[in-house]
Amino acid sequence: MVAYNVVFAGEAGVGKSSLINILLDVEVSEASNKISKGTSERKRSIAVHDRNVYRLWDTPGLDEGTRGHVPQRRTVKILKSFIKELMSGDGVHLVVFCFRYTESPTTGLRRVYEAVLASVHGIQVPVIAAVMQGDETTQISEDWWNGAGADRKQKGMTFAAYACVPTLQDPPTPGKRTKAQDDMWQLIKKHAKPLLPPGFLSKEINIILVGQTGAGKSSLVNLIAGQHIAGVSQDVDVCTVSSTEYRFEVGAHDFRIWDTTGLEEPEGGVNGYITAVSKALQLIRRLADAGGVNLLLLCMRGQKVTRATQGNYRLFYEILCEEYVPLGLVITHLEREDNMEEWWERNKKTLDGYGVRSVGHACVTGLPSCPKKYALSRAAIYGLLTDCDRFGKYNMPPDIWLKRLAKSIKSFIIGGGRPKGEKLTQALVTRCGLKEEDAKELRKLLEDGSSLPSTA
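With this note's numbering, you'll find the sequence shown wraps up at 438, consecutive numbering, no jumps.
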């Protein structure tokens, strides 16, 4: 998975938001023909093509004049600051300059073009033109583009390529909107090139996927993979911290996802503790062999925060990863929402109240039978993953990791007994595969409640 930043810039009201809606084939960016409305701040939409992520950035319109609600100086400042922000991260991979069709470039258009170019001054980034065609009867031809080329060049306006875009929501000519969509995507995919060094290797991203049974973790794995690789199971294995590993490449990323069983609502039985330690040890060894963890994904249904959700948050985020690993929230089963993102707007304060902290979120459905929402869901989760791939891996020696987790598990098992004395030692040896001296040390730690070794 490669993440591209594509910045849309141009005059106010020219149709940048409409163009983004055409590219996404869904209304996610508000478009307006009113002088009093428009995009006053940058706005991001996510699109996925050929398993690559395109961040489509809608920016404030320039050269609104005295009737505009955003001062010219402010829009230029916003654009320059935004470009600088992107360059400090993944960079800017393409600028789409949007302007209305005219017989020849105007002085005002040149002024807007110069403002956009000034914002990317010193950056090697291609600029393509999106010629916005509001009049369906006007036919823009290659002759026009080539004929006006000398005038554009004289005014210092050069582009790597161009495409014509109808700004009408339902153009009378069948297929015109679809052609504009295809033409623009071809240009974007051709000209948005990440600067990868020779011999570039896929970046490995290790993810722990956490959530109670029924939260939709397996469906989420399939959503990320773009194919059915995880079976959906209704089995409940109480407090085992067991995991299933999935591995696949998407673009420039090599994903390893550990889908964990985690904690469930039912009470643990007598053998729950040793089973939990055994499964936790397997997970910890896998994580250590993989070099650590990049990201935690906490998967929860779009309803109230359950005790199991809070327990998983504490166990994995606070205890296993000591709050060092970034945590992303994935809200599932939102197919009945008219706008899935609105769920987050309604509930984010409630989540804050429960103390669940995250670096980002994705509101999704795992049902392919809802194709438009499924496509938006895939874009949302890819956006979250690419936003978090800048974080490094967190790791610690497996023995210390196990002691931290094993000691904490007993506080999550409600009313569950566990072996003591030599029985606990033998259980740790036979069922967890520990050496006898290691098992005795861990048993002592668990039974006398002594503090854990420092990881500093």
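All C-beta atoms, glycine included, are put in the ideal place defined by N, C-alpha and C.
| Item | Value |
| --- | --- |
| Please name the residue in I206, L311, R328, E327 whose C-alpha comes closest to that of L480. | Here the chain has residues from -17 to 438 only, and residue 480 is not among them. |
| Note down the Cα distance separating L280 from L6, rounded to an integer number of angstroms. | 27 Å |
| According to DSSP, what are the bridge partners of W325? | DSSP lists no partner for W325. |
| What did DSSP end up calling L1 once you bin it into helix, strand or coil? | helix |
| Excluding the 5 residues preceding and the 5 following D241 in the sequence, name in chain order all residues of the same chain whose CB lies nearer than 7 Å to its CB. | L191, K199, S200, V203, A212, S225, T226, Y228 |
| Starting from the C-beta of A361, find all residues in its chain whose C-beta is less than 7 Å away, skip the five residues before and the five after it, and write them out in chain order. | I28, A29, V30 |
| Taking all protein chains shown into account, do 16 or more other C-beta atoms lie within 10 angstroms of the C-beta of E418, making it buried, or fewer, making it exposed? | exposed |
| Whose C-alpha, out of F373, E(-7), D334, R238, is nearest the C-alpha of P42? | E(-7) |
| Rounded to a whole number of angstroms, what is the C-alpha to C-alpha distance between A162 and L349? | 29 Å |
| Excluding five sequence neighbours on each side, which residues of the same chain lie with their C-beta closer than 6 Å to the C-beta of G73? | none |
| Quick one: Cα of Y299 to Cα of I170, how far? | 38 Å |
| By the 10 Å Cβ neighbour count, where 16 or more other Cβ atoms means buried, how is S11 classified, buried or exposed? | Since pLDDT at S11 reaches only 43, below the 50 mark, its modelled position is unreliable, and the value read off the structure follows with that caveat. S11 is buried by the Cβ-count criterion. |
| Assign H103 to buried or exposed, taking buried as 16 or more other Cβ atoms, counted over all protein chains shown, within 10 Å of its Cβ. | exposed |
| Which ranges does the beta strand (DSSP E) cover as unbroken runs of at least 3 residues, wholly within the segment 182 to 216, from first to last along the chain? | 185 to 192 |
| For E323, which residues of its own chain have a beta-carbon under 7 Å away from its beta-carbon, when the five flanking residues on both sides are left out? | C345 |
| Counting pairs of beta carbons, one from the segment 76 to 91 and one from the segment 363 to 383, are three or more of them closer than 8 Å? | no |
| Quick one: give me the first and last residue of the alpha helix (DSSP H) that N294 is part of. | 289 to 294 |
| Let me know if R425 comes out buried or exposed under the rule of 16 or more other beta-carbons within 10 Å of its beta-carbon. | buried |
| Give the DSSP-derived three-state secondary structure of M460 in the structure shown. | Outside the shown range of the chain (-17 to 438) lies residue 460, about which nothing can therefore be said. |
| Please name the residue or residues paired with A(-9) in a DSSP beta bridge. | F79 |
| Work out the CA separation of M114 and S70 for me, nearest whole Å. | 31 Å |
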